[in-house]
Amino acid sequence: MLEINIWLMLSVAVIFLVTMFFLNQWLFKPLVSFMEEREVKLQEQMKMINSNSEDTEKLEKEIEEILNNAKKEAAKIREEARVKALEELQELKDKKQAEIEEAKVKLAEEIEKEKQRILNELSKESSEIKSMIENKLRNVA
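In this note's numbering, the protein residues as written are 2 to 142.
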């Protein structure tokens, strides 16, 4: 049968322990260290992503607020422009109305002057016609 050799078992155990020691030093520790560093980096990146997500949300809210303010300002400017245009239109209308009234007054004055001139001419002509008729009647009689 097989004999158990103690020296062989001890040498295998020593070789196994030495191999495990070197594997631990050169393979397992660097591998575990690499995995831990990788885990730390991943956690940092997750924190950064969460932070960036919060920053993005803040920026989106700021952008939305800026757009809303810009829309309100544009509406205000449009309303002010509309009111100003209406005021200018009313001023122009009032000015033209005043010009029309002034033209009516001038026209009425001119008509009155022309009427007076015509009446004066008619008065002179009627005097002349009257004296001509009187002269003709004297000559006839």
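For every residue, glycine included, the Cβ atom is placed at its ideal position computed from N, Cα and C.
Annotated three-state conformation of Glu40 is helix, per DSSP. Taking the Cα positions, Arg118 is about 18 Å away from Ile130. Per DSSP, Trp27 is not a residue of any alpha helix (DSSP H), being assigned neither H nor E.
The C-alpha of Thr57 lies about 26 Å from the C-alpha of Arg39.
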